[in-house]
Amino acid sequence: PEVADSDAAPGETAPAVSTTSGEQAELFATPEGPSADTPSAEAGDAPDAVTGPQDLRWATEQLASGIIAGLNRPAGETPSRLRVVEPEGAPRLRVVPPREEESLSRPERMTFEEIANRLGARITGERSAQDSEAPPPSEADATGEEAASVPETPAQDLPLSNGLRVIETGGARRSDARSPERATLDRLPLAIIVFRGGEALYVNRAALELTHLHDLGALKSFGIERLFEDGLPTSAGPVTLARSDGERIPVAARLQTVPWDGGTAALLSLRELEAPREETAGLDITTRSLAARISELEALLSLATDGVVTLERDGTIRAVNPAVEGLFGFSASDLAGRHYGILFAETDRIAALDHLSGVIDGTASASVHEGREFKGRAANGSEVPLLIAIGRLDLDKDDLHAAVLRNMSRFKSVEAELIEARRTAELASAQKSNFLARVSHEIRTPLNAVIGFSEVMMSERFGPIGSQRYRDYVADIHTTGEYIMSLVNDLLDLSKIEAGKLDLNFTEIDLNDIVQQCLAIMQPQAGQSRVIIRTSLPTSVPKVVADARSMRQILLNLLSNAIKFTPEGGQVIVSTIFEPTGEVALRVRDNGRGMTESEMQLALEPFRQVATSQREGMTGTGLGLPLTKALSEANRASFSLESALGQGTLARVTFPPQRVLAE
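See below:
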């Protein structure tokens with residue numbers, strides 16, 4: 012190749028690298044700007060000015076094309092010398108610095124500086140030779156029809172930077188990989204691959220580094236088509252390059268046709284595209300995540316039934332959700348910028364603002380954060396009961412607080428109904444208890460007389476009755492009187508328990524002693540019913556704190572029910588046990604018919620009976636188990652039933668560890 016100045020006037024294209032094939036690769040532009048006749052860079056010609064990586068890359072590609080064209084010159088046309096032609100008044104070479112945002116990478120900048128140094132050195136040497144040896148210009152030169160010629164300078168005498176020099180071939184062109192042209196291609200920062208028919212003919216060093224291949228042979232073995240997942244690129248643009256180690260990277264590709272070894276070949280230039288930095292990618296992901304989170308929160312606030320008010324430190328309303336608009340009748344634009352106190356009735360406004368100040372200053376008690384009730388004021392002047400909780404929004408810049416407002420109108424209505432229902436129930440219960448107590452007292456006095464006189468008549472203390480039938484009548488009167496007295500006593504005890512007026516004397520008692528006392532009372536009834544009573548009373552069971560009289564009544568009721576519902580020949584087992592959990596239990600088990608789940612629930616209701624008695628004529632009042640349960644709970648113990656049809660029933664009274672005395 013030869014370097015020559017053009018005959019262009021000032022303001023037109025500056026010197027270019029010229030080849031014998033007629034192709035040029037323009038590297039620099041004049042200070043005055045592009046000529047009107049200069050083709051655009053998009054058409055493949057020189058750009059108006061070398062101002063950025065894209066133009067420099069175009070220049071590099073054109074330079075590579077020119078060098079390759081030089082490699083393919085016929086042997087007879089090989090020049091052995093370089094000459095420089097520079098018309099008078101031609102502008103000096105000037106490099107237009109790239110814009111900061113399009114600056115080159117360090118390897119690219121160093122490479123192009125090396126090319127500029129080489130060209131500048133050649134031009135300087137030729138200019139010196141021209142000034143000292145060139146003959147006067149001919150008439151043709153004066154008319155501009157033919158360029159002035161200067162004596163040729165041997166290529167090896169031209170000064171080159173970094174020890175590079177043009178190799179004199181003596182008319183024979185070197186076409187091996189170590190020729191100056193190919194050496195220049197190897198030094199280009201742009202990856203270049205020359206191929207024909209899918210076979211690689213040449214690859215420079217940058218392309219080997221980009222593809223992670225060792226040499227041209229490795230590229231031939233690997234195959235050019237395998238470098239691209241979507242096939243060889245057919246137009247300029249970004250593609251995905253598959254390296255030999257399997258890594259995929261984005262690259263910018265450009266394909267063009269160049270002469271090569273007496274024919275044509277395809278020149279593929281590749282440039283690695285910068286992948287997004289991890290910090291930027293992470294920031295983008297975080298931004299999208301935060302945006303999605305904000306959208307979710309906004310949707311939740313719009314769907315919330317409770318009002319949410321965002322407040323500044325001075326109580327100014329910044330924003331409200333739709334629930335606030337429906338609660339007070341104000342629009343969001345009406346409330347924005349107004350003071351928080353506008354939402355409250357005059358009677359509660361000061362208290363509500365004190366509540367807000369306490370939360371903002373951090374002086375509010377913990378109960379305040381759980382919510383306080385105030386009377387709100389709607390746009391129409393009506394009062395709205397509110398439950399308000401205030402908290403600080405954890406934001407970096409703004410000291411904001413959020414108030415959550417719940418409309419308590421429905422809750423207040425339900426609360427009033429419940430209070431009224433409870434008052435009515437308590438009044439009815441008190442009236443029932445008073446009635447039962449009064450009736451019990453009124454009945455017990457004459458009933459005691461009936462029972463007492465029947466006992467006197469049965470003993471014939473004042474003389475014989477005479478007739479046996481009279482004696483039987485008196486016995487029936489006495490039995491019925493005792494039954495009625497038992498019923499009255501149960502009613503009286505139950506009414507006292509419900510009214511909370513049952514007098515209990517809590518002392519330490521031994522459950523084993525209580526069992527022995529009750530067995531002595533119930534043994535005749537068990538013998539009459541032919542039911543065996545067995546006991547299991549370990550001496551290791553500790554004492555408990557309870558009322559002795561009520562405990563005897565509990566055990567008598569349980570024994571009476573067990574005997575009543577156990578067939579002849581059956582057995583009842585009474586036991587006490589000290590549980591590993593520290594509890595003490597009193598248990599009464601029978602092997603009678605048993606009960607279903609629904610029958611057990613029925614048996615625990617007052618005046619309700621389960622028709623499963625094994626004795627004809629033996630009916631109860633329906634107060635035995637309900638009274639037993641009530642007395643157990645009055646002694647701070649729990650009462651439970653376990654039963655199944657055909658497996659009998661187990662009644663259990665359990666004292667918690669707090670009611671058990673340590674040994």
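So for the sequence shown, the numbering used here puts the first residue at 12; every next one is plus one. Think of the CB as a built atom: it goes at the ideal place given N, C-alpha and C, for glycine as much as any other residue.
Of all C-beta pairs linking the segment 656-669 to the segment 591-606, three or more are shorter than 8 Å, placing the two stretches in contact. Comparing alpha-carbon positions, the option among Pro200, Ala277, Gly248, Pro261 lying closest to Gln267 turns out to be Ala277. Taking a contact to require three or more Cβ pairs closer than 8 Å, the segment 440-456 and the segment 471-489 do not qualify as touching. DSSP, reduced to helix, strand and coil, places Leu548 outside both helices and strands of the structure shown, so it counts as coil. If you look at Asn646, you'll find it isn't in any alpha helix (DSSP H); DSSP assigns it neither H nor E. Under the DSSP assignment, Gln582 falls in the beta strand (DSSP E) whose first and last residues are 582-589. For the set Val214, Gly209, Glu210, the Cα lying nearest the Cα of Pro200 is the one of Val214. Note: His350 is bridge-paired with Thr327 in the DSSP secondary-structure output. Pairing Ser551 with Ser586, the inter-Cα distance amounts to about 13 Å. Straight through space, the alpha carbons of Ser643 and Pro637 are spaced by roughly 10 Å. Take Ala559, set aside five residues on each side of it, and the residues of its chain with a beta-carbon closer than 6 Å to its own are Ile520, in chain order. Lys423 sits in a helix when the DSSP states are folded into three classes. The beta carbons of Leu284 and Pro261 sit closer together than 8 Å. Distance from the Cα of Glu493 is smallest, within the candidate group Asn459, Asn516, Val467, Asp226, for Asn459. Within a 10 Å sphere around the beta-carbon of Asp501 sit 16 or more other beta-carbons, which makes this residue buried. Pairing Val250 with Ile296, the inter-Cα distance amounts to about 24 Å. CA-to-CA, the gap between Leu346 and Arg329 works out to about 8 Å. Classified as exposed, Asp524 has fewer than 16 neighbouring CB atoms from the shown chains inside 10 Å of its CB. For Asn523, the enclosing alpha helix (DSSP H) stretches over residues 522-539. Secondary structure of Ile235 (DSSP, three-state): coil. Taking a 10 Å sphere around the C-beta of Arg604, we find 16 or more other C-beta atoms and assign the residue as buried. Cβ atoms of Leu411 and Thr321 come within 8 Å of each other, at about 6 Å. Each residue's CA atom was taken as its position, placing Arg434 and Leu566 some 35 Å apart. Distance between Leu656 and Glu307, taken at the CA atoms: about 57 Å. In terms of Cβ geometry, Thr660 and Ser654 form a close pair [threshold 8 Å]. Asp272 and His225 have their alpha carbons spaced roughly 23 Å apart. In this structure Gln582 is not in contact with Asn568, their Cβ atoms being roughly 19 Å apart against a cut-off of 8 Å. Residue range 559-575 is occupied by the alpha helix (DSSP H) that includes Leu569, with no beta strand (DSSP E) assigned at that position. In this structure Ser280 is buried. Its beta-carbon is surrounded by 16 or more other beta-carbon atoms within 10 angstroms.
Cβ contact annotation for Ile462 (same chain, cutoff 8 Å, sequence separation greater than five): His489, Gly492, Glu493, Met496, in chain order. Going by DSSP, Ser280 is part of the beta strand (DSSP E) stretching over 274-283. Bounds of any beta strand (DSSP E) do not take in Phe355, whose DSSP letter is neither H nor E. Distance between Arg598 and Val664, taken at the CA atoms: about 7 Å. With a 10 Å radius around the Cβ and a threshold of 16 neighbouring Cβ atoms, Leu354 comes out buried.
Between the beta-carbon of Val556 and that of Phe589 there is about 15 Å, and that puts the pair past the 8 Å contact cut. Under the 10 Å beta carbon count, Ile305 is surrounded by fewer than 16 other beta carbons and is classified as exposed.
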